[in-house]
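Peer 1: Numbering (the numbering used here), first residue to last: 1 to 67.
Note that CB positions come from ideal geometry on N, CA and C, so glycine has one too.
Dropping a structure here in structure tokens format, bear with me for questions.
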Amino acid sequence: MPQLDTSTWSITILSMVLALFIIFQLKISKYKYPETPEPKSPSPSKKLMPWEEKWTKIYSPLLLPRR
1 MPQLDTSTWS ITILSMVLAL FIIFQLKISK YKYPETPEPK SPSPSKKLMP WEEKWTKIYS
61 PLLLPRR
């Protein structure tokens with residue numbers, strides 16, 4: 001039964017790792033990152049809901065005076 005020749009495995013694995021590293025570096029280098037990132041301040045813009053535009057009062061039937 002023939003033996004499995006593993007003499008070329010090390011160079012194959014090393015060349016694959018090197019190729020993956022180079023490809024990964026090339027993909028990362030395409031991104032542009034801001035030089036000084038600043039935190040976003042929350043804007044205090046408040047949207048008015050339709051029921052907030054005018055004052056309304058809701059009467060509960062139990063609170064109405066009896067006739």
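Looking at the unbroken alpha helix (DSSP H) that takes in Lys32, where does it start and where does it end?
Peer 2: That residue, Lys32, is in no alpha helix (DSSP H); it is neither H nor E in DSSP.
Peer 1: Please report how far the alpha carbon of Ile22 lies from the alpha carbon of Trp9, in whole angstroms.
Peer 2: 20 Å
Peer 1: Mapping the DSSP letters down to three states, classify Ser10 as helix, strand or coil.
Peer 2: Three-state DSSP puts Ser10 in a helix.
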